[in-house]
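Everything on this sheet refers to the single structure shown next.
Protein chains: 4
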Amino acid sequence: MTTNATTSFQPVLDRIAEEIAELTDRGTPADYIPALAAGDPTDFGMAVAELDGTVYGVGDWRRPFSTQSVTKVFTLALALAGEGDALWAHVGREPSGDPFNSLVQLEYENGIPRNPFINAGALVVTDRLHRLTGDASGSLLGFLRAESGNPDLAFDTDVAASEAAHGDRNAALAHFMASYGNITGPVPDLLREYFRQCSLEASCADLALATGFLARHGLRADGSRLLTRSQAKQVNAVMLTCGTYDAAGDFAYRVGLPGKSGVGGAVVAVVPGRCTLCVWSPGLDDRGNSVAGVTALDRFTTITGLSVF
Amino acid sequence: MTTNATTSFQPVLDRIAEEIAELTDRGTPADYIPALAAGDPTDFGMAVAELDGTVYGVGDWRRPFSTQSVTKVFTLALALAGEGDALWAHVGREPSGDPFNSLVQLEYENGIPRNPFINAGALVVTDRLHRLTGDASGSLLGFLRAESGNPDLAFDTDVAASEAAHGDRNAALAHFMASYGNITGPVPDLLREYFRQCSLEASCADLALATGFLARHGLRADGSRLLTRSQAKQVNAVMLTCGTYDAAGDFAYRVGLPGKSGVGGAVVAVVPGRCTLCVWSPGLDDRGNSVAGVTALDRFTTITGLSVF
Amino acid sequence: MTTNATTSFQPVLDRIAEEIAELTDRGTPADYIPALAAGDPTDFGMAVAELDGTVYGVGDWRRPFSTQSVTKVFTLALALAGEGDALWAHVGREPSGDPFNSLVQLEYENGIPRNPFINAGALVVTDRLHRLTGDASGSLLGFLRAESGNPDLAFDTDVAASEAAHGDRNAALAHFMASYGNITGPVPDLLREYFRQCSLEASCADLALATGFLARHGLRADGSRLLTRSQAKQVNAVMLTCGTYDAAGDFAYRVGLPGKSGVGGAVVAVVPGRCTLCVWSPGLDDRGNSVAGVTALDRFTTITGLSVF
Amino acid sequence: MTTNATTSFQPVLDRIAEEIAELTDRGTPADYIPALAAGDPTDFGMAVAELDGTVYGVGDWRRPFSTQSVTKVFTLALALAGEGDALWAHVGREPSGDPFNSLVQLEYENGIPRNPFINAGALVVTDRLHRLTGDASGSLLGFLRAESGNPDLAFDTDVAASEAAHGDRNAALAHFMASYGNITGPVPDLLREYFRQCSLEASCADLALATGFLARHGLRADGSRLLTRSQAKQVNAVMLTCGTYDAAGDFAYRVGLPGKSGVGGAVVAVVPGRCTLCVWSPGLDDRGNSVAGVTALDRFTTITGLSVF
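Given below as structure tokens:
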């Protein structure tokens, strides 16, 4: 299904990799858990997947890493597919203007998180999906294995345990929303599901392929429909306005594509109707986005003109 | 230059106008100044301008109205053209997550407004443009007359006086930013310029044409360059993430185009590389955007598929 | 030890009780747990204890009720006695200007609660006392039995369980502060201790006597020293500026005494060097203070002139 | 009227002055206007006035300095005397928990400042007094001359002009409240009155005498009544809970008296029924209160036991 043959995107990726190799300031890995703190900012991988599943890559594009918040895209898509617009009664779709783990906004808006990509919103979405399926992290894993064509995708239990050990802030968010009635299940169960999802290991190739349904207007790799065309548009819109923590405006301005980043150093991006991308490099800027990753995407849209703007 | 001949967009506009005629809940006009409070929510006009200046329209598409915050797009473009990236030291480009005239964010971020489309940001941009040109509102008027091909465009001095009489909140914003050194000129002069800009009268046809440079990647109607391709992309990105007050996420989700609204009931939108739109209807929703206007744009992108997502 | 003999305070109490009987708007009992929601706003009791333990009372002054946040005074005193000024590294002593269970302030001040009487602050104080003694609620109970001379004082396990079942907001506060390293023990243990303390049942007579050390400049009922003179002054100062939720200024203005209220309807107050008071009536105002209770204290200071101002 | 004879308070003042002379860290003068920035932190003066007008002093106790926010006490008293409880519809009496010139609180509470001693509140009180008298600063000056017995008290027009030149933050506050209808007169007039009041020059002796009405339960120096006993208590309560910026709790805890500080380095304090104090030293701590001034008051209450707690 995947190939590295010399076709249209390969020269672009090669050129970007050369440019990124010159990059001197590559940021700092996340340090709140040991598994991430050990990341090497000089590592770099990038993959582009076409609508038919053809994948191009460069650097460490087949090497698994900790996906972290990138999985929030897939959890959102699965919950939206299962629950439809009723989901939006529990989580908003506006940018937050606050740090990703802020409680202030929640307090002013009665426990309804501003969007599905801040931690509070992702907790709510996980709670909804768990309620729908009885197994949120299992549903996520099954979906990602199917879309990437990689049956070896798995959670990293050490990372999940490490997240849980540093999970007081997320526990606070969950209990706080529960106090407003916006969490349905027991908080400890929810946190376990949430931290498992964050711990998923996958490669740039895996994530570029798995994101394909957003470029195919809702169709999965096997041609079946996960989301309506309108819902796929909705997820892309939320990614563009809220996908990169408190730097969504800057990302839209520089990259101009729907995207979602994670503190493991990955960023996925969507060119609707054309292709999907995943780039990975563990060094982060002060807003939690991969320095080399955002730079590579910026170069990609500049070179190819494939921005939505 | 303009025509109403039966070409591609006319049937779409006619269909949308029919649908909008059925709309029962059309919102409420802004009521903070008499000129706006007199607006009739059943009024409706819509225009589409192609890259070459061909314009299609329906309803009151040639009738002038108070453009209000829609002019912030043009002021931003002129300031960015004149000052370049140095502009971004004085105003951010992130969504605010707060109401359009909030002072809270300013206090936490030392007088730097989050983006050019909240009132504080527009005051800063006007101050920069006034500093560059010595005549911010004159520059704006000249640009809009040239792009729209309408030499009769003018400010409404009654509206400007009315805005000034209700201008304590904007005066507070300007003095507050001045206390941080982020306003260079005298506050009373700045306010006069600002309120003049808000008072511009123009029609859907005028505004659709005047927005054309954003669909032409920075080129003006006469083919000369106002913005670099990258700067045009930047303005579109800021419109998409910040152009509709505290409903930017919702607008991206429903319409999926860069857009900017005003409390006079107008909304402009850009389909990069293809066309620009302006719709007008005075009834607003509770976040200050035209109810019929957003609905019409939503229908337009759904019918034509011309969303960026 | 106690007496109801006809001495100086009895006529004042009798007069106040008569006036309170005329009070028509008596507020509404707290309704977040069933045990409190069942309260009757027409119930009323008041007691005054002189420095030597002489007690005067009127109404239901010997009837036990749920003391709730009134116990925060005693927990603070015990923690301050045990830890000294080092306590103030973990909790501030400034009024909060926010609701008693707000998370906003915590976020802006890095997990250090503004004072010991908002819920977050009381959780920290309980955590410190539990760390010092290994049994925070046991220490509290022992102290209160000794000072009141009432060996039957006890926690109400139903109320404690009910509090725990509605405890998500407090769990959020505790986890949030733990994320800043400002909680030393396991959060579930802390919550159990905290909810037990809230559930203490005591009467006006019990609480007036137990508060006596604050009027005796730090000396316990048996003459031994709990707090230094300076520490007793500190606790009184914190009560005056922070003891009645978001109405401390209003309480100082009307009553003019250090005081502490609880949502069970009790309020204790201190006339340094002279006497202590406890009043109880379950109807609360919209800021959580007993309507009849504050009115009775207001009348007491007006009639006797025993305000600190 | 005043005397320096050897009576009860003189030895205490002498002892305090000796201790203060040893103080090494004396803070930093306010630097936002030149007149204050030139202050010398080693300057120190202190005065105590008894109820009958007997004054004791030490150090620079007769030297005039810029009174700044200390005048807010007198403006409040005059407005309360003129308008009665209706004043409290325009300004609250709760501690703010925010910096003295914050706009955040105003926004959440619809333009009603939390108390009369934050800048927003003092602007409102000045507006009310100006409305009542037609000459707010003239009323203030007349009152202070009468109470101090010093006909030479005057405003410093250079300081007032300097304040106005750095007055954008206060202009923002005034316009912001005007946008909520909580300022009745033209903002420029209000600002002129406000800055004049801040510029008053007076000595420790002058201010200790002028504050006497608060220790005399509302009676002026000539025995006439300015405030009811209840109103005097109200002003004292507001001073205790709100008089020292964001350090009111700390001041209550250390000093235990109603007090009001100014960035010129003065602090006045009241021992109800006994005496009033004024201390001055220009070095401020990071919350804007005189370091030597608060230390001296702390020593005074510790040595004399004259705290309200």
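Residue numbers (our numbering), protein chains in the order written: chain A, 29 to 337; chain B, 29 to 337; chain C, 29 to 337; chain D, 29 to 337.
Built from N, CA and C at the ideal position, the CB exists for glycine as well.
Predicted, not measured: the structure shown is a model, and the values here were computed from it.
Quiz item: Where does T95 (chain A) sit, in a helix, a strand or coil, going by DSSP?
Solution: coil
Exercise. Taking only beta-carbon positions, decide if R197 (chain C) is within less than 8 angstroms of chain A.
Key: yes
Self-check item: Whether S176 (chain B) touches Q225 (chain B) by CB criterion (8 angstroms)
Solution: no
Self-check item: Uninterrupted beta strand (DSSP E) stretches inside the segment 149 to 236 of chain D (no shorter than 3 residues)
Solution: 228 to 230
Quiz item: From M29 (chain A) to G81 (chain A), what does the alpha carbon distance come to, in whole angstroms?
Solution: Residue placement at M29 (chain A) is poorly supported in this model, since its pLDDT is 37, which falls under 50; the coordinates are not used for a value here.
Quiz item: Given 8 angstroms as the limit, is there contact between the segment 188 to 195 of chain D and the segment 179 to 199 of chain B, that is, 3 or more CB pairs closer than that?
Solution: no
Quiz item: So is Y60 (chain B) buried or exposed if we call it buried at 16+ other beta carbons inside 10 Å?
Solution: exposed
Exercise. Would you grab the beta carbon distance between C303 (chain D) and V40 (chain D) for me? Rounded to a whole angstrom, and I think it's under 8 angstroms.
Key: Incorrect: roughly 11 angstroms between the Cβ atoms, too far for contact.
Quiz item: When the Cα of T256 (chain D) is compared with those of D:V215, D:V299, D:P144 and D:G110, which residue comes out closest?
Solution: D:G110
Practice problem: Taking only the alpha-carbon atoms, compute the straight-line gap between E122 (chain D) and G293 (chain C) and give it to the nearest angstrom. | Solution: 21 angstroms
Practice problem: Put G277 (chain B) into one of helix, strand or coil per three-state DSSP. | Solution: helix
Exercise. Please confirm whether L312 (chain B) and P57 (chain B) have their CB atoms less than 8 angstroms apart.
Key: yes
Quiz item: Is F21 (chain D) close to chain B, meaning its C-beta is less than 8 angstroms from at least one C-beta of that chain?
Solution: One cannot answer for residue 21 (chain D) here, as it falls past the ends of chain D, which runs 29 to 337.
Quiz item: CB-CB under 7 angstroms to T154 (chain D), same chain, minus the five flanking residues each way: which ones, in chain order?
Solution: T103, A164, L218, E221, Y222 and Q225
Quiz item: According to the neighbour-count rule (16 or more other Cβ atoms, all chains shown, within 10 Å of its Cβ), is P179 (chain B) buried or exposed?
Solution: exposed
Practice problem: For R159 (chain A), I'd like the list of residues in its chain whose CB is within less than 8 angstroms of its CB, leaving aside the five on either flank, ordered along the chain. | Solution: T212 and G213
Quiz item: To which residues does DSSP link C303 (chain C) through a beta bridge?
Solution: C:E78 and C:V299
Quiz prompt | Test: L181 (chain D) CB closer than 8 angstroms to a CB of chain B | solution = no
Quiz item: Buried or exposed: where does E46 (chain A) fall if 16 or more other Cβ atoms within 10 Å of its Cβ makes it buried?
Solution: exposed
Exercise. Show which residues of chain B have a CB atom less than 9 angstroms away from the CB atom of V132 (chain D).
Key: L131, V132, E135 and Y136
Quiz item: Nearest CA to the CA of A174 (chain B): which residue from B:D186, B:T185, B:A107 and B:G251?
Solution: B:G251
Exercise. List the whole-angstrom C-beta distance separating V266 (chain A) from G277 (chain B), where the pair is believed to meet the contact cut-off of C-beta under 8 angstroms.
Key: 7 angstroms
Quiz prompt | Stretch-stretch touch, CB-based, cutoff 8 angstroms, three pairs: the segment 133 to 153 of chain C with the segment 283 to 292 of chain D | solution = no
Self-check item: Check whether L325 (chain A) and V307 (chain A) have beta carbons under 8 angstroms apart
Solution: yes
Practice problem: Give the DSSP-derived three-state secondary structure of Y84 (chain B) in the structure shown. | Solution: strand
Quiz item: Within the 8 angstroms Cβ cut-off, does N32 (chain D) reach chain B?
Solution: Only weak support exists for where N32 (chain D) lies, its pLDDT of 42 falling under 50; the value from the coordinates is given anyway. For N32 (chain D), the answer is no, since every Cβ of chain B falls outside 8 angstroms of its Cβ.
Practice problem: Using a threshold of 8 angstroms, state whether the C-beta atoms of V101 (chain D) and T269 (chain D) are closer than that. | Solution: no
Self-check item: For G73 (chain D), the three-state DSSP class (helix, strand or coil)
Solution: strand
Quiz item: Mind checking if R156 (chain B) is an interface residue toward chain A, Cβ cutoff 8 angstroms exclusive?
Solution: no
Quiz item: Roughly how many whole angstroms lie between the Cα atoms of I146 (chain D) and D274 (chain D)?
Solution: 9 angstroms
Quiz item: Are the C-beta atoms of A65 (chain C) and some chain A residue less than 8 angstroms apart?
Solution: no
Self-check item: Beta-carbon proximity list for A280 (chain B), same chain, < 7 angstroms, skipping 5 on both sides
Solution: L268
Self-check item: Under 9 angstroms by beta carbon: chain G residues contacting V266 (chain D)
Solution: No chain G appears in the structure shown, which is made up of the protein chains A, B, C and D.
Practice problem: Check the Cβ of A200 (chain A) against every Cβ in chain C and list those closer than 9 angstroms, keeping chain order. | Solution: L131, A199, A200, L201, A202, H203, F204, M205, A206 and S207
Self-check item: Extent of the continuous alpha helix (DSSP H) to which S258 (chain B) belongs
Solution: R257 to C270
Practice problem: Give a yes or no on whether the C-beta atoms belonging to L184 (chain B) and S309 (chain B) are separated by under 8 angstroms. | Solution: Reading off the sequence, residue 184 (chain B) comes out as Asp, not Leu. No, these two residues do not count as a Cβ contact at 8 angstroms.
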